[in-house]
Amino acid sequence: MAIIFQKPHSLEEKEMHYCPGCTHGIIHRLIAEVIDELGIEGDTIGVSPVGCAYNNYEYFKCDMVQAAHGRAPAVATGIKRADPSKTVFAYQGDGDLAAIGTAEIIHAATRGEKISTIFVNNAIYGMTSGQMAPTTLLNQVTTTTPLGRNSEQHGFPIRVSELLSSLEGAVYIERVSVCNIKGIVKAKKAIKKAFMVQQAGLGFALVEVLSTCPTNWGMSPQKSLEWGETVLEEHYPLGVYKGKDLEV
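Be aware that the sequence shown starts at -7, since it is given in our numbering, and climbs by one per residue.
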């Protein structure tokens, strides 16, 4: 009997620690599927973040390096420059990338570093009990904005894909979502393209993935997917922000 679906080889046989309804596991699987399809497991090095996915080095079979909070782009840059033959990806959440790591991601992008970044945006700090993140929506309730985010007091949410797409060194920037099956299919294509852009030596690539956090959003897994599809995607429109006509 032909096997039409199975666990990617690039994922370890280990149960993940994520909360029920969290989509980090889906994103991990997509990355592993891409690694398998490109046949690069032995030549891939990932950089783990600080946040809910801090220990994703336990789930991927490829080589992984743990970075300090926000420094994944800098670590990935060092690895890639030391061995350009490797495919290097950084995996970061919104607090890791868009708060403490803002300088690193902007400068890696403007330098055109030949790395691929998977940026997981769930509009909140997950691991540290649900505080406001740079991507938290206006009026969104968090543990540090109990009355909702207020633009006058807290500023506006940062749209990372739009920001980075203005930089000349950025070659490919796309925002996708994993809140439904159609979005998951598109997300995998985007991740694969980001890896291929790097392999072609074209420059910096980033895929922003809209994700869920049912625990800190105070929602059921199903409700969180619905909220992600509607409210989150409305504020963060999906699409290619840089490299729409890019062929790799």
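Ideal Cβ positions, reconstructed from N, Cα and C, are used throughout, including at glycine.
Practice item. Could you tell me which of Glu200, Glu29, Glu25, Cys54 sits nearest to Val39, measuring between CA atoms? Key: Cys54
Review point. Across which residues does DSSP place Ala115 in a beta bridge pair?
Key: DSSP, once it has assigned bridges, lists no residue as partnering Ala115.
Practice item. Give the single residue among Asn131, Pro149, Ile19 whose Cα lies nearest to the Cα of Arg141. Key: Asn131
Exercise for review: Say whether the region 196 to 207 touches the region 99 to 116, bearing in mind that this needs 3 or more beta-carbon pairs closer than 8 angstroms, one atom from each stretch.
Suggested key: yes
Review point. With DSSP run on the structure shown, which of helix, strand or coil describes Gly210?
Key: coil
Exercise for review: State the Cα-Cα distance for the pair Glu221 and Ala82, rounded to the nearest angstrom.
Suggested key: 25 angstroms
Point to revise | Given Ile71 as reference, the closest of Glu4, Pro126, Ile37 once Cα atoms are compared | key: Ile37
Practice item. Could you tell me which of Ala100, Tyr51, Asn113 sits nearest to Ser169, measuring between CA atoms? Key: Asn113
**Study point:** Local conformation of Ile(-4) per DSSP, three classes
**Key:** coil
Check your understanding: Based on the DSSP secondary-structure assignment, which residues constitute the bridge partners of Phe52?
Key -> Leu3
Point to revise | Gly104 versus Glu160 - alpha carbon distance | key: 8 angstroms
Point to revise | Run of the alpha helix (DSSP H) containing Tyr184, from where it starts to where it stops | key: The sequence shown places Lys at residue 184, not Tyr. Element bounds for Lys184: 173 to 191.
Check your understanding: Does the distance from the C-beta atom of Thr128 to that of Ala115 stay below 7 angstroms?
Key -> yes
Check your understanding: Under 7 angstroms, do Cys205 and Gly118 count as touching if we go by C-beta distance?
Key -> yes
Practice item. Give a yes or no on whether 7 angstroms exceeds the smallest Cβ distance from Ala186 to chain B. Key: As a matter of chain content, chain B is missing from the structure shown, which is built from one protein chain.
Review point. For the candidate residues Asn47, Pro126, Ile27, whose alpha-carbon lies nearest to that of Ala186?
Key: Ile27
Point to revise | Residue from Asp35, Pro12, Gln214, Gly235 with nearest C-alpha to Val163 | key: Gly235
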